[in-house]
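Remarks on the structure that follows.
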Amino acid sequence: MIFPPHRPFARFFLLAALAGFPVIAAVGKSKPADPLLGKTVYAARCAQCHGAGGKGDGPPSSILNARPRDFTSGTFEFRSTESGSIPTDNDLFNSVKNGLHGSAMPDWGHFVSDDTLRSVVEFIKTFSPRFRNEKPKSVHVGAPVPASPASIAAGRRAFERLQCGKCHGNDGEGTDAIATDLKDDGGNAITATTLTEPWTFRGGSNARDVYLRFRTGLDGTPMPSYKGAATEADMWNLANYIVSIGRKPVWKMNETELKELYSKLDRQHLENPLAWGKYLVETMGCGYCHTPMREDGSLMEDLRYAGGQRWRLVPFGDFVSYNLTSDKATGLGGWTDDELKKLLTTGIRRDGSRMYPFPMPWIAYAGLKSDDMNALVAYLRSLPAIYNKIPEPQTANFFAYMWGKFRMLILKDDLPFYAYPGNAGTEQGKPTTSIDGMRPHQPEGRRP
Amino acid sequence: MKNALKWTLRVGLPVIVLLFLALLYFIPPFMIAPPETFSGPNLAQGPALDDIKDPAVRMIAERGKYIVVRTDCNGCHTSIGDKGPKWDEYLAGGGKAFYNQDSLESYCRNLTPDYATGLARRNDEEVLRVLQTGLLPEGRQTNWRRMPWPFMANWTPEDRYAVLMYLRHLKPVKHSIPDAKPGRVRTDAEATEEIYGGDYAGH
Numbered sequence: 001m002i003f004p005p006h007r008p009f010a011r012f013f014l015l016a017a018l019a020g021f022p023v024i025a026a027v028g029k030s031k032p033a034d035p036l037l038g039k040t041v042y043a044a045r046c047a048q049c050h051g052a053g054g055k056g057d058g059p060p061s062s063i064l065n066a067r068p069r070d071f072t073s074g075t076f077e078f079r080s081t082e083s084g085s086i087p088t089d090n091d092l093f094n095s096v097k098n099g100l101h102g103s104a105m106p107d108w109g110h111f112v113s114d115d116t117l118r119s120v121v122e123f124i125k126t127f128s129p130r131f132r133n134e135k136p137k138s139v140h141v142g143a144p145v146p147a148s149p150a151s152i153a154a155g156r157r158a159f160e161r162l163q164c165g166k167c168h169g170n171d172g173e174g175t176d177a178i179a180t181d182l183k184d185d186g187g188n189a190i191t192a193t194t195l196t197e198p199w200t201f202r203g204g205s206n207a208r209d210v211y212l213r214f215r216t217g218l219d220g221t222p223m224p225s226y227k228g229a230a231t232e233a234d235m236w237n238l239a240n241y242i243v244s245i246g247r248k249p250v251w252k253m254n255e256t257e258l259k260e261l262y263s264k265l266d267r268q269h270l271e272n273p274l275a276w277g278k279y280l281v282e283t284m285g286c287g288y289c290h291t292p293m294r295e296d297g298s299l300m301e302d303l304r305y306a307g308g309q310r311w312r313l314v315p316f317g318d319f320v321s322y323n324l325t326s327d328k329a330t331g332l333g334g335w336t337d338d339e340l341k342k343l344l345t346t347g348i349r350r351d352g353s354r355m356y357p358f359p360m361p362w363i364a365y366a367g368l369k370s371d372d373m374n375a376l377v378a379y380l381r382s383l384p385a386i387y388n389k390i391p392e393p394q395t396a397n398f399f400a401y402m403w404g405k406f407r408m409l410i411l412k413d414d415l416p417f418y419a420y421p422g423n424a425g426t427e428q429g430k431p432t433t434s435i436d437g438m439r440p441h442q443p444e445g446r447r448p
Numbered sequence: 449m450k451n452a453l454k455w456t457l458r459v460g461l462p463v464i465v466l467l468f469l470a471l472l473y474f475i476p477p478f479m480i481a482p483p484e485t486f487s488g489p490n491l492a493q494g495p496a497l498d499d500i501k502d503p504a505v506r507m508i509a510e511r512g513k514y515i516v517v518r519t520d521c522n523g524c525h526t527s528i529g530d531k532g533p534k535w536d537e538y539l540a541g542g543g544k545a546f547y548n549q550d551s552l553e554s555y556c557r558n559l560t561p562d563y564a565t566g567l568a569r570r571n572d573e574e575v576l577r578v579l580q581t582g583l584l585p586e587g588r589q590t591n592w593r594r595m596p597w598p599f600m601a602n603w604t605p606e607d608r609y610a611v612l613m614y615l616r617h618l619k620p621v622k623h624s625i626p627d628a629k630p631g632r633v634r635t636d637a638e639a640t641e642e643i644y645g646g647d648y649a650g651h
């Protein structure tokens, strides 16, 4: 017997391999895209951010400053095709393989083989009908203009003539930019790229990459294609100019350069506390708790920073994150700056009661420099008011508390903490819901 | 004699039980320590960065230290004992165990530059990739509710680099962290029943 009975699938695999052989031999090196493989890999690796339906709405997507691409729209930013055209397979493949610098899109080529990535690209193309109905119109990239002082000077003139400074600032750092509330086609707030930091250029930072961004535009964003508005040579000059104004990253700087950079950054933070406060809030993770969460772990965007995420700490009780928006009745609108700062640095509430150092990590915020604290508070003050009435913390009933404490202190047991999906607050116009009706789907973790 | 013993038991036992219950009720668990005992040591932790010879690296690492403190990395990455966080194991991992939606139980990793158990065996690219994309060196994507990498993805690349430089200069602590192990995702009912035996938040 060729196939032993304890390996019932061996026959299948051998036959499948034999059946696949002519195809592989005919195509040569690269295997044909496998739709099932693409789908599986997408579900395992891409869906967390891009969503199972490819809408770019995976659980962490609302937090990321550079939002994951919505594949159903069929528009892509980083292409080598005309404005409005779909990208080529190679464009998609390169983005997936090398990642998008400075964003949360990883360089998948490090982990996944090229053949598998091509299958994933084929699967991604099924989300939008555009890939079935249209053909990509590749741009013709002519001979590059080599970088020279003359070319860079011409690039600077083109920069001024095309009014790049409107969004990017005249110095490329956005300092004196006029258009600051940019939105993409999906209505998400986006920021113009800082042109002096080439390591954040998601589409690549060499002259050819930068030229392609001018030539093709970033579809779905306010960055247009400059085909027609500028000559081929001008776009190359512009690319050379952008490459030339790139500053050194900190990992290549020496002491004096670093001192200069850091004092400049500190000055900018002082001059523009709102922007700096926004950066602090977005990177310190305030939204992690102060936004209600859905069953799948995604955050409710229309209640951003409005609190309402309920946490249960055994044996202490139930705590609902506070409404950080500037609403007078239910948020921070009625708080003075001093009250807020006192809570953030000492964990003492307005009524004088003390907070636990967990889950609200005020002990960490006690280390904030006073300027940064001011910026943070200023940004919180600027959040649009959302009515979301937060219930008081609830302590556990006597028996649960005693049992929990016995386990914690005597039995040295692991006590879990839970975050509940759903909004525990009461939104305007909605009837009061009992938070007792909420149930955690699983414990978040525990203290070992 | 027998009677006296009987009465001692009758009075003494309830008193002992009551005393024990009162002690249990009033004894402050580590979490109700006064603020100064908590935020003080938290900010005083970390290595003496003055020892770093290269002044540029020292400046970057100081920047990184400030970011690590304000982002509260040690809230999860430092284990907690009866008297609060174990400061001699600062950022050495194991602080919390997390149950993941993909049925894994995972532990916070050791961030100190210990070769066998910490970050010393990871190159810069690997560490920065975790901060930027949540992708671990073995190719597993961390769950964002456990390791909140999307907030770190919002850091500028230079801030991520500063944090890396700081982590590279921590005191190496040999603290072995178990790998993520398969766990069982509990259902709503199980999870609630198991801990609270029904209604927990009674008022």
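From first to last, the protein sequence lines stand for chains H and S.
Following my numbering, the numbering of the first sequence begins with 1 at its first residue and continues without gaps.
Following my numbering, the numbering of the second sequence begins with 449 at its first residue and continues without gaps.
Every residue gets a Cβ at the ideal spot worked out from N, C-alpha and C, and that includes glycine.
Run down chain H in chain order and give the residues with a C-beta less than 9 Å from the C-beta of residue i.
i	result
S:TYR538	The premise fails here: S:TYR538 is roughly 13 Å from chain H at the closest Cβ pair, so nothing lies under 9 Å.
Between residue i and residue j, how many whole angstroms is the CB-CB distance? I'm expecting something under 8 Å.
i	j	result
H:ARG69	H:GLY56	5 Å
S:THR537	S:VAL621	It is Glu, not Thr, that sits at residue 537 of chain S in the sequence shown. 6 Å between Cβ atoms; contact.
H:THR325	H:ALA230	In fact, because the Cβ distance is near 44 Å, the residues do not count as touching under 8 Å.
S:LEU579	S:ARG608	5 Å
H:PHE71	H:HIS50	6 Å
H:PRO59	H:SER321	With 8 Å as the limit, H:PRO59 and H:SER321 do not qualify as a contact, their Cβ atoms being about 17 Å apart.
S:ARG577	H:PRO106	6 Å
S:HIS623	S:ASN522	Contact flag wrong, Cβ pair sits at about 13 Å.
Can you tell me whether DSSP reads residue i as helix, strand or coil?
i	result
H:HIS441	Reliability fails at H:HIS441, whose pLDDT of 48 lies under 50, so the model's placement of it is uncertain and no value is given.
H:PHE417	strand
H:GLN428	coil
S:TYR644	Confidence is the limiting factor: at S:TYR644 the pLDDT is only 45, short of 50, which leaves the residue's position unreliable, though a coordinate-based value still follows. S:TYR644: helix per DSSP, three-state reduction.
H:LYS227	strand
H:GLY333	helix
H:GLY51	coil
S:HIS651	With a pLDDT of only 27 at S:HIS651, under 50, the local geometry of the prediction cannot be trusted, and the value read off the model is given with reservation. Looking at S:HIS651 - three-state DSSP - the assignment turns out to be coil, as it is neither helix nor strand.
H:ALA33	coil
H:ASN388	strand
H:MET105	coil
H:GLY58	coil
S:TRP592	coil
H:GLY287	helix
S:TYR538	coil
If distances are taken between C-alpha atoms only, which option among the options comes closest to residue i?
i	options	result
H:TYR262	S:GLY512, S:VAL463, S:ASN490, S:PHE474	S:GLY512
H:LYS389	H:ARG156, H:LEU238, H:LYS248, H:THR291	H:THR291
S:PRO585	H:PRO146, H:HIS110, H:ARG304, H:ALA150	H:HIS110
H:MET373	H:GLY287, H:ILE190, H:THR395, H:LYS341	H:LYS341
H:VAL243	H:ASP91, H:GLY155, H:ALA179, H:TYR365	H:GLY155
H:GLU77	H:THR221, H:SER62, H:PRO35, H:LYS183	H:THR221
S:ASN490	H:GLY352, H:PRO357, H:CYS289, H:VAL141	H:PRO357
Listing by chain order, which chain H residues have their CB less than 8 Å from the CB of residue i?
i	result
S:ASN558	Result: empty, since nearest Cβ-Cβ is about 14 Å, beyond 8 Å.
Residues of chain S with CB under 8 Å from residue i, in chain order?
i	result
H:TYR262	MET507, ARG511
H:GLU282	PHE599, ASN602
H:PHE111	LEU583, GLY587
Determine the chain H residues that contact residue i at a beta-carbon separation under 7 Å, and present them in chain order.
i	result
S:ARG577	PRO106
S:TYR473	MET402
S:SER487	ILE363, ALA366
Mind listing the chain S neighbours of residue i? Cutoff is C-beta to C-beta under 9 Å, in chain order.
i	result
H:ILE63	TRP592, PRO596, PRO598, PHE599, ALA601, ASN602
H:TYR42	Per Cβ cutoff of 9 Å: no residues; H:TYR42 is ~13 Å from chain S at best.
H:TRP199	PRO605, GLU606
For a contact meaning CB atoms closer than 7 Å, what does residue i contact in chain S?
i	result
H:TRP251	TYR609
H:GLN48	GLN589
H:ARG202	Here the premise fails: no neighbours, minimum Cβ distance about 11 Å.
H:ASN254	ALA504
With burial defined as no fewer than 16 other Cβ atoms inside 10 Å of the residue's Cβ, what is the status of residue i: buried or exposed?
i	result
H:GLN394	buried
H:TRP311	buried
S:THR581	buried
S:ASP562	buried
H:GLY422	buried
H:GLY203	buried
S:LEU467	exposed
S:PHE474	exposed
H:GLU301	exposed
H:ASP296	exposed
H:GLY477	Not covered by the structure: residue 477 of chain H. The range shown for chain H is 1 to 448.
Within the 9 Å Cβ cut-off, does residue i reach chain A?
i	result
S:ARG569	Although the question refers to chain A, the structure presented lacks it and instead comprises the protein chains H and S.
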